[in-house]
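Please read the structure below before turning to the comments.
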Amino acid sequence: MRYTNTNYILAGLIIEAVTGQPAVDEISRRILLPLGLFHTYFPAPGDNWLRSPMAHGYEEVDGEQADVTDFPASDAGLSGSLVSTGEDTTAFITALLDGRVVPRAQLDQMMDTVPMPGSDGAIDYGLGLMKISLPCGVTAWGHGGDIPGYHSFMAKTFDGPAISVTLTQDPDTASPASDPRIAMMESLYCAGS
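Counted from 1, the sequence shown has number 61 at position 61 by the working numbering; the numbering is strictly sequential.
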């Protein structure tokens, strides 16, 4: 098993073949609306701005910090065009681990992981879910996303709170150990360990 964004595009095509409906409509109807994730949406084709209020995203372009917020967000398709808030992503990961998104047998399949190359054993990938093994021995489950100007991550332990982090510029990390998103999880889950 190997992580690739193409898998999410293929999953969307399967959803459409089985239901006869656009995948974004099925995801909205079956997951987003029932969970009350009203600030989570798929941008329409051609939308170049996020809904307000929004944070602007920045990247280094030709050695200078540049605002890269103006981009066609729908271009990533099901591999990365879903837009959300921290509140909605923590509500989603909580619902997923509580068994309110998929049955437990399917959640177990999502949690069947393989090591992520270059993660020094800190991150394993499953089916749309990552296992994060923190240095204090705590295991969190979540997923992240990276597009120009926005670098996010949501995670939760089974018995702890959920966390959602979005950085509006590239954290430029060489390994998970130097990623500030991982450091924030360590602060939340490893304090007092």
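Glycine included, C-beta positions come from ideal geometry on N, C-alpha and C.
Treat the numbers as computed from the prediction; the structure is a model and nothing was measured.
| message | Once DSSP output is grouped into helix, strand and coil, what is the label at alanine 44? | response | coil
| query | Do phenylalanine 38 and serine 81 have their C-beta atoms closer together than 8 Å? | reply | no
| Which class does alanine 55 belong to by DSSP, given the choice of helix, strand or coil? | coil
| request: Report the partner residues of glutamate 64 according to the DSSP bridge assignment. | output: Val61
| In DSSP terms, what phenylalanine 153 is bridged to | Gly144 and Val165
| said: I need the DSSP call for aspartate 120, collapsed to helix, strand or coil. | reply: coil
| Cα-Cα separation between valine 101 and valine 24, rounded to whole angstroms | 16 Å
| field | Extent of the continuous alpha helix (DSSP H) to which isoleucine 27 belongs | value | 23-27
| field | Secondary structure of methionine 130, DSSP reduced to three states | value | strand
| request: Using beta-carbon positions only, say whether alanine 17 and leucine 78 come within less than 8 Å of one another. | output: no
| query | With which residues is tyrosine 125 paired in a DSSP beta bridge? | reply | Val114 and Met130
| Cβ neighbour criterion (16 or more within 10 Å) applied to valine 114 | exposed
| query | By the 10 Å Cβ neighbour count, where 16 or more other Cβ atoms means buried, how is proline 6 classified, buried or exposed? | reply | Residue 6 is actually threonine in this sequence, not proline. The residue is exposed, with fewer than 16 neighbouring Cβ atoms inside 10 Å.
| message | Given 7 Å as the limit, tell me if valine 61 has its C-beta closer than that to any heavy atom belonging to the ligand COA. | response | Looking for the ligand COA in the displayed structure turns up nothing, as the structure carries no ligands at all.
| Taking the alpha-carbon positions, what's the threonine 94 to lysine 156 distance? | 7 Å
| Start-to-end residues for the alpha helix (DSSP H) that takes in isoleucine 14 | 5-19
| request: To the nearest angstrom, report how far apart histidine 56 and glutamate 64 are at their CA atoms. | output: 16 Å
| task | Specify the secondary structure class of threonine 69 as computed by DSSP and reduced to three states. | result | coil
| task | Might you give, ordered along the chain, the residues of its own chain that have their beta carbon closer than 8 Å to the beta carbon of serine 28, omitting 5 neighbours on each side? | result | Tyr41 and Phe42
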